[in-house]
Amino acid sequence: MENIKHVLDKGYVRLVDVMGSDLSVVNAARVSYDKESKELTDRDRKLIKFLAREGHTSPFRHAFIQFEIYAPLMVARQWWKYIVGSDHTMDAWNESSRRYITEDPAFYIPSAEQWRAAPMNSKQGSGEPIATSKGEKFTYFLNNYIEQGEILYNQALEAGVCAEQARLFLPAYGMYVRWYWSTSLQSVCHFLNQRLEHDAQKEIQEYANAVLEFIKEHFPVSSEEICVK
Ligand SMILES: Cc1cc2nc3c(=O)[nH]c(=O)nc-3n(C[C@H](O)[C@H](O)[C@H](O)COP(=O)(O)OP(=O)(O)OC[C@H]3O[C@@H](n4cnc5c(N)ncnc54)[C@H](O)[C@@H]3O)c2cc1C
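Just so we're aligned, residue 1 is where the sequence shown starts under the working numbering, counting upward by one.
Structure, rendered in structure tokens:
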């Protein structure tokens, strides 16, 4: 299976590393009885089901997965809220910095068909796609707006302004950022359980779907029990 999944117009989720498998979950639980499985059996599958059902979550924290993610800042901002999966304990988040960066900025630009209307019965989220003729206008406006921001950003840099302030000219919500996210199987499934839901923003749902494909491949039994409701 490919270790990179493309998301949105320029983004991706790349699987960097995996530590463990469904067997790690099983053996973390079986150590209580000084037992170990060498291969996943039907009994082990039942044990995973039992652990998930009863909320015995610690065995799911013995497997780790590391991703590189390239996503618009609005998606990163939502992702970063998973404190347990991002910030401290044994999990980690490291992100590119525009204080030093030399890489050209890149932006998420929805195509004419990808603009969505405000929802009918809710204060947050989005509804049906808007007419393509209207969408074309907004794609055009957004392109112009970004271009203007980049011109001012480059002018500031050329005039000797430091990168950490020049970036104020870059339209931030749609600007792509890159980060490493290393997390336990439990944390990643918590993220998936929330961000695959219909009330999550569509753009982060697309990233969650890419993450889910990797998780299903490497943890087929556990993912079925704790990731996909
Ligand atoms: C559809 C949607 C809309 C949202 N809208 C908003 C919004 O408008 N504004 C906003 O600020 N956020 C919003 N959020 C983010 C949300 O409030 C959570 O911050 C985010 O979903 C991360 O979930 P979490 O806190 O469970 O994750 P984590 O921080 O990773 O925590 C994981 C779990 O660990 C446990 N835990 C974590 N910290 C503690 C603690 N200190 N004490 C005890 N147990 C703890 C909890 O069981 C928690 O569920 C939204 C999320 C979704 C999915």
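Backbone N, C-alpha and C fix where the C-beta goes; we use that ideal spot for every residue, glycine too.
From a predicted model like this one, the values you see are computed outputs, not experimental measurements.
query = What is the C-beta distance between residue 68 and residue 180, in whole angstroms, given that I count them as a contact (C-beta under 8 Å)?
reply = Taking the Cβ atoms as the reference, residue 68 lies roughly 6 Å from residue 180, within the contact range of under 8 Å.
message = Here's the rule I'm using: 16 or more other beta-carbon atoms within 10 Å means buried, otherwise exposed. How should residue 22 be labelled?
response = Of the other Cβ atoms in all chains shown, 16 or more fall within 10 Å of the Cβ of residue 22; this residue is therefore buried.
query = Taking Cβ positions, are residue 168 and residue 72 nearer each other than 9 Å?
reply = no
ask   = Between the region 140–152 and the region 198–212, do at least 3 Cβ pairs fall closer than 8 Å?
value = By the Cβ test, the region 140–152 is not in contact with the region 198–212, since fewer than three Cβ pairs between them sit closer than 8 Å.
ask   = I think residue 48 touches residue 25, with their Cβ atoms under 8 Å apart; what is that distance to the nearest whole Å?
value = 6 Å
Buried/exposed call for residue 137, threshold 16 Cβ in 10 Å = exposed
inquiry  = Residues in the same chain with beta-carbon distance under 7 Å from residue 15, minus the five sequence neighbours each way, listed in chain order, please.
reply    = Cβ neighbours of residue 15 beyond the five flanking positions: 3, 67 and 214.
query = Is DSSP giving residue 128 helix, strand or coil here?
reply = coil
key: Same chain, Cβ closer than 6 Å to residue 149, five either side skipped, listed in chain order   = 169, 170 and 171
query = Quick one: complete beta strand (DSSP E) runs, 3+ long, within the region 49–95?
reply = 64–72 and 92–95
query = If we call anything under 9 Å between Cβ atoms a contact, is residue 111 one with residue 117?
reply = no
request  = Check each candidate in 194, 56 and 205 and name the one with the smallest Cα separation from residue 227.
outcome  = Among 194, 56 and 205, the Cα nearest to that of residue 227 is on 194.
task = Select from 108, 164 and 52 the residue whose C-alpha is nearest the C-alpha of residue 96.
result = 164
task = Sort out for me which residues DSSP pairs residue 151 with in a bridge.
result = DSSP, once it has assigned bridges, lists no residue as partnering residue 151.
task = Taking all protein chains shown into account, decide if residue 50 is buried (16 or more other Cβ within 10 angstroms of its Cβ) or exposed.
result = With a threshold of 16 other beta carbon atoms within 10 Å, residue 50 falls short and is exposed.
task = Work out the CA separation of residue 20 and residue 55 for me, nearest whole Å.
result = 20 Å
ask   = Three-state secondary structure (DSSP) at residue 25?
value = helix
task = Please report the Cβ distance between residue 75 and residue 204, rounded to the nearest whole angstrom; I am assuming they are in contact, meaning their Cβ atoms lie under 8 Å.
result = Right, the Cβ-Cβ distance comes to about 5 Å (below 8 Å), so this counts as a contact.
ask   = Looking at the unbroken alpha helix (DSSP H) that takes in residue 173, where does it start and where does it end?
value = Where residue 173 is concerned, there is no enclosing alpha helix (DSSP H), given that its DSSP letter is neither H nor E.
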